[in-house]
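Student:
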Amino acid sequence: MGRTKQPVEAGAQRIPATARPSAASAYRLDLDGLRGVAIVLVVMFHIWFGRVSGGVDVFLVLSGFFFTGLLLRQIESGGAVRVLFTVRRTLRRLLPALVAVLAAVVLAVVTLRPVTQWADLADQTLASAFYYQNWHLALASSDYLAADPSVSPLQHLWSMSVQGQFYLAITLLLAAVAWSLRKLRRAEHLRPTLLVLLGALTVASFLYAMVGESAHQSWNYYDSFARAWELLAGGLLAIAAPWLTMPRIVRIVLAIAGMVIVAICGELVFGAAVFPGPAALIPVGAAVALILAGNNLEPAARPLVLRWLATRPAVELGGMAYSLYLWHWPFLIFYLSERGRPMAGPVGGLGVIAASLVLAYATRHLVEEPLRMRSARAIASEQSRQAERSRTFSIAPVLLRFRRPIGALVTIVGVVGIGASVSWHVAMGTNGPRPPASLDPVQYPGAEALAAGVPVPQARMRPTVLEAPADLPYPTTDGCIADWSTTDLITCDYGDRTAQRTLAVVGSSHAEHWIPALHILGQQHGFRVRVMLKMGCPLTVSDDISYKGETIPDCHDWSRQVIDRLGQERPEWVFTTGTRPLDGPGDETPQDYLDVWSQLADRGLNVVAIRDTPWLRHDGIRYRASDCLAEGGDSTSCGLPRDYALNPVNPEAEPASRFPNVFPLDMTDAVCAADVCPVSAGNILIYHDEHHLTANYSRSLAPALGRAMRPILKWW
Numbered sequence: 007m008g009r010t011k012q013p014v015e016a017g018a019q020r021i022p023a024t025a026r027p028s029a030a031s032a033y034r035l036d037l038d039g040l041r042g043v044a045i046v047l048v049v050m051f052h053i054w055f056g057r058v059s060g061g062v063d064v065f066l067v068l069s070g071f072f073f074t075g076l077l078l079r080q081i082e083s084g085g086a087v088r089v090l091f092t093v094r095r096t097l098r099r100l101l102p103a104l105v106a107v108l109a110a111v112v113l114a115v116v117t118l119r120p121v122t123q124w125a126d127l128a129d130q131t132l133a134s135a136f137y138y139q140n141w142h143l144a145l146a147s148s149d150y151l152a153a154d155p156s157v158s159p160l161q162h163l164w165s166m167s168v169q170g171q172f173y174l175a176i177t178l179l180l181a182a183v184a185w186s187l188r189k190l191r192r193a194e195h196l197r198p199t200l201l202v203l204l205g206a207l208t209v210a211s212f213l214y215a216m217v218g219e220s221a222h223q224s225w226n227y228y229d230s231f232a233r234a235w236e237l238l239a240g241g242l243l244a245i246a247a248p249w250l251t252m253p254r255i256v257r258i259v260l261a262i263a264g265m266v267i268v269a270i271c272g273e274l275v276f277g278a279a280v281f282p283g284p285a286a287l288i289p290v291g292a293a294v295a296l297i298l299a300g301n302n303l304e305p306a307a308r309p310l311v312l313r314w315l316a317t318r319p320a321v322e323l324g325g326m327a328y329s330l331y332l333w334h335w336p337f338l339i340f341y342l343s344e345r346g347r348p349m350a351g352p353v354g355g356l357g358v359i360a361a362s363l364v365l366a367y368a369t370r371h372l373v374e375e376p377l378r379m380r381s382a383r384a385i386a387s388e389q390s391r392q393a394e395r396s397r398t399f400s401i402a403p404v405l406l407r408f409r410r411p412i413g414a415l416v417t418i419v420g421v422v423g424i425g426a427s428v429s430w431h432v433a434m435g436t437n438g439p440r441p442p443a444s445l446d447p448v449q450y451p452g453a454e455a456l457a458a459g460v461p462v463p464q465a466r467m468r469p470t471v472l473e474a475p476a477d478l479p480y481p482t483t484d485g486c487i488a489d490w491s492t493t494d495l496i497t498c499d500y501g502d503r504t505a506q507r508t509l510a511v512v513g514s515s516h517a518e519h520w521i522p523a524l525h526i527l528g529q530q531h532g533f534r535v536r537v538m539l540k541m542g543c544p545l546t547v548s549d550d551i552s553y554k555g556e557t558i559p560d561c562h563d564w565s566r567q568v569i570d571r572l573g574q575e576r577p578e579w580v581f582t583t584g585t586r587p588l589d590g591p592g593d594e595t596p597q598d599y600l601d602v603w604s605q606l607a608d609r610g611l612n613v614v615a616i617r618d619t620p621w622l623r624h625d626g627i628r629y630r631a632s633d634c635l636a637e638g639g640d641s642t643s644c645g646l647p648r649d650y651a652l653n654p655v656n657p658e659a660e661p662a663s664r665f666p667n668v669f670p671l672d673m674t675d676a677v678c679a680a681d682v683c684p685v686s687a688g689n690i691l692i693y694h695d696e697h698h699l700t701a702n703y704s705r706s707l708a709p710a711l712g713r714a715m716r717p718i719l720k721w722w
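The C-terminal position of the sequence shown is numbered 722 in the numbering used here, with every residue numbered one higher than the one before it.
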């Protein structure tokens, strides 16, 4: 088989032959076919259904099964895990295709995407190349609900990072266990020891994932510790394989049930909202069932379903599964971005699949396989081995002749692409653009140009498109807004901190972005601005609150703390948002907001309910003002028609009339013109992202906000 035998260390104990897996289960072509089916489901669900299929969870189980089995064979044949050899071989297997895709994505982003997106792409390229992309996405609280043009072309590589981290961890763990047992002269206890150890880790990881689902699902989805149980489940199967036997009828039932569940899992559960919690037992259980159904059986004796999975088409797809997974997502994202569509459609989707298959085939045969082989002898050995397994895996000789130039080209392009990402990352991190702390109101009238018709002189827009992401409100920069996973109530004071009168600003980041304006008014008119804020969480009494499709389970409890604190402190006024955008045109005041007003009325609190500012979106897809401007748009073309962004009449006006304690406040004319809601006004950029005001624009709102609040507060 072309495998070099390794000498056994002195004193090492070989594992008894009875403890080793049978030859029949040494390699499973049907599981390669299962990979093929899983990748087809992953691609189809991403392209046409905008959701996850459970195929990635199947991949994780198979990865744990194959990799743990590989390490066990090392130990049982040589007495130890060759750690450096294993790491080198794993990287040689994974990196060539990954580097090729990363290089292509960097080139495409630089060519097709605005410069405002380069910094994040550089960060994600590094995260993907060094296998921590899942943590990068978790920290960014990214979601994985559906592909759209605003999503990163590298977002899917979180699963590669999880697998890479698992490979390193399980290699070190098994190496340590094997070494310890050799020292204790208990090498024959390897598999029972590993069953207990990995079993305990599996249970711990599963419980951790179950808690994480209810506490913070967007983090949980990417968390390596929450995902570990899926890979460990495959590892446990590899360890227990010699002892797992069952009647044929049970194998048939497992094979049929497993195949059916793999096929329909994406329709059974909305995986992005619940995986890898208990619901992931569905795809994981299906993969386990299919592994068990063929365990310790010769290929011809396996159930019909498994024999079908071992046929040429399924196995060929399985052989391309890794490359196809790498390519399909970035190709889909760039297609959607260039077409300006939220979904690919039937014809476009087929085009994405065809292009991805071509790229995957070329990557497999021209990049992956040649670069794994270090000599002509290795190539011949690999051809012989693959021909013995199946006559579907041989590499065409004409392709092999190009392995050296293609390998060199991929290496050079990959190094250049990743090097450019490193340079951009360092440059933006150390010397990145910083927004101005204040602007001359004559040169930069901002909101006053819309609200009061103040003349606008010629001046460069500030913040610039590169400065915009850093032009954040004070609570964010001061750590005075609770993040997704924080349930504690954080309070900070702005304005005149020594004043006796208090305006409490409560709710989500859409209440927060008024703080720069309110801070100025508080200092001018002698009142304290006390903030009680949480990301994505408007003040609520509902149990069902979500942001970008993800539930925020602790929002209700946090809101209850805020309402109780307001009842105790009794500020003169409570300032919060009173509307929110609809999925389509217009905005609304939902019933939940009215329920909050009732709660505050019961405590004798007066409320200023401000109408929310427009959210930038085309066809339901959010976009950043800075991206649109960087691509050549202007303030008007990058904005929204006013009648699309907002209802003609403030939707909170009528319901507020039924609450004597609630005073609606509409600042629309300070952010929108008569027919359009632009992305800049008075030489100041309005939005620092898709829907939050820049701190500089918020400061420019202080005069107009002061005029609007004066008859309500009657403090000046």
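Don't be surprised by glycine CBs; every beta carbon is placed ideally from N, CA and C.
Please tell me whether residue 683 and residue 712 are closer than 8 angstroms, where the distance is taken between their beta carbons.
Tutor: Against a cut-off of 8 angstroms, the Cβ pair of residue 712 and residue 683 comes out as no contact.
Student: If residue 677 sits next to residue 456, beta carbons under 8 angstroms apart, how far is it from one beta carbon to the other, in whole angstroms?
Tutor: That belief holds up - the Cβ atoms of residue 677 and residue 456 are roughly 7 angstroms apart, short of 8 angstroms.
Student: With DSSP as the reference, identify every bridge partner of residue 646, one or two as the case may be.
Tutor: Answer is 683.
Student: Can we count residue 194 as close to the ligand NAP, meaning its CB is less than 7 angstroms from some heavy atom?
Tutor: What this structure holds is no ligand at all, so the ligand NAP is not there to describe.
Student: Return helix, strand or coil for residue 744, following the three-state DSSP convention.
Tutor: For the chain, the structure presents residues 7 to 722; residue 744 sits outside this window and is missing.
Student: Helix, strand or coil: which one does DSSP assign to residue 538?
Tutor: It is a strand residue.
Student: Secondary structure at residue 99, three-state DSSP: helix, strand or coil?
Tutor: Helix, per DSSP.
Student: Mapping DSSP to helix, strand and coil, what is residue 30?
Tutor: At residue 30 the pLDDT is 42, less than 50, meaning the model places this residue with poor confidence and gives no usable figure here.
Student: Would you list the one or two residues that DSSP bridges to residue 690?
Tutor: Its beta-bridge partners are 468 and 687.
Student: Over the uninterrupted beta strand (DSSP E) stretch that includes residue 583, give me the two end residues.
Tutor: Where residue 583 is concerned, the enclosing beta strand (DSSP E) stretches over 579 to 583.
Student: Thinking C-alpha only, which one of 527, 287 and 335 is nearest residue 720?
Tutor: Checking every option, the nearest Cα to that of residue 720 belongs to 527.
Student: Are the segment 53 to 66 and the segment 285 to 293 touching by the rule of at least three beta carbon pairs closer than 8 angstroms?
Tutor: Segments in contact, yes.
Student: Answer yes if the segment 248 to 255 comes into contact with the segment 225 to 232, meaning at least three C-beta pairs across the two stretches below 8 angstroms, and no otherwise.
Tutor: Contact fails: fewer than three Cβ-Cβ distances are below 8 angstroms.
Student: Determine the extent of the alpha helix (DSSP H) in which residue 337 is found, giving its start and end residues.
Tutor: Unbroken alpha helix (DSSP H) run through residue 337: 318 to 345.
Student: Is the separation between the beta-carbon of residue 466 and that of residue 445 shorter than 8 angstroms?
Tutor: No.
Student: Drop a sphere of 10 angstroms on the beta-carbon of residue 119, count the other beta-carbons inside from all chains shown, and report buried for 16 or more, exposed for fewer.
Tutor: Under this definition residue 119 is a buried residue.
Student: To which residues does DSSP link residue 668 through a beta bridge?
Tutor: Looking at the DSSP assignment, residue 668 forms a beta bridge with 613.
Student: Going by DSSP in three states, residue 451 sits in which element: helix, strand or coil?
Tutor: If DSSP states are grouped into helix, strand and coil, residue 451 belongs with coil.
Student: Any chance you could list the alpha helix (DSSP H) runs of at least 4 consecutive residues sitting entirely within the segment 228 to 282, in chain order?
Tutor: Listed in chain order, the complete alpha helix (DSSP H) runs (minimum 4 residues) inside the segment 228 to 282 are 230 to 246, 254 to 274 and 277 to 280.
Student: So, using beta-carbon positions, are residue 538 and residue 512 closer together than 8 angstroms?
Tutor: For residue 538 and residue 512, yes; Cβs fall inside 8 angstroms.
Student: Within this structure, are the beta carbons of residue 103 and residue 332 separated by less than 8 angstroms?
Tutor: A contact, by the Cβ cut-off of 8 angstroms.
Student: Kindly confirm or deny that the segment 602 to 622 and the segment 659 to 671 touch, where touching means at least three C-beta pairs closer than 8 angstroms.
Tutor: Segments in contact, yes.
Student: Excluding the five sequence neighbours on either side, which residues of its own chain have a C-beta within less than 6 angstroms of the C-beta of residue 380, listed in chain order?
Tutor: At residue 380, the pLDDT of 49 sits below 50, so the modelled position is not reliable and the matter cannot be decided from this model.
Student: Since residue 268 and residue 106 are thought to touch, with beta carbons under 8 angstroms apart, how far apart are those beta carbons, to the nearest angstrom?
Tutor: No, residue 268 and residue 106 are not in contact; Cβ-Cβ is about 29 angstroms, not under 8 angstroms.
Student: Would you mind listing the alpha helix (DSSP H) stretches within the segment 35 to 66 that are 4+ residues and don't spill past its ends, in chain order?
Tutor: The segment 35 to 66 contains these whole alpha helix (DSSP H) runs: 35 to 50.
Student: Do residue 454 and residue 688 have their C-beta atoms within less than 8 angstroms of each other?
Tutor: Result yes, Cβ atoms of residue 454 and residue 688 sit closer than 8 angstroms.
Student: For residue 699, name the three-state secondary structure that DSSP assigns.
Tutor: Strand, per DSSP.
Student: Give every residue of the same chain whose Cβ lies closer than 7 angstroms to the Cβ of residue 523, excluding the five residues on either side of it in the sequence, and list them in chain order.
Tutor: Counting only Cβ-Cβ distances below 7 angstroms, and skipping sequence neighbours, we find 704, 705, 707, 708 and 711.
Student: Quick check: residue 42 and residue 324, are their CB atoms within less than 8 angstroms of each other?
Tutor: Cβ atoms of residue 42 and residue 324: closer than 8 angstroms.
Student: Going by the beta-carbon positions, is the gap between residue 116 and residue 124 smaller than 8 angstroms?
Tutor: It is a contact, given that the beta carbons lie within the stated cut-off.
Student: For residue 598, which residues in the same chain have their Cβ closer than 6 angstroms to its Cβ, ignoring the five residues on either side in sequence?
Tutor: Counting only Cβ-Cβ distances below 6 angstroms, and skipping sequence neighbours, we find 546 and 548.
Student: Just the Cα atoms here: how many angstroms apart are residue 401 and residue 322?
Tutor: Here the model assigns residue 401 a pLDDT of 46, short of 50, so the residue's position is not dependable and the matter cannot be decided.
Student: Can you give the Cα-Cα distance for residue 141 and residue 131, rounded to whole angstroms?
Tutor: Their Cα atoms are separated by approximately 13 angstroms.
Student: Considering just the uninterrupted stretch of the alpha helix (DSSP H) at residue 509, what are its terminal residues?
Tutor: Looking at the DSSP string, residue 509 is not in any alpha helix (DSSP H); the run it does join, the beta strand (DSSP E), is 508 to 513.
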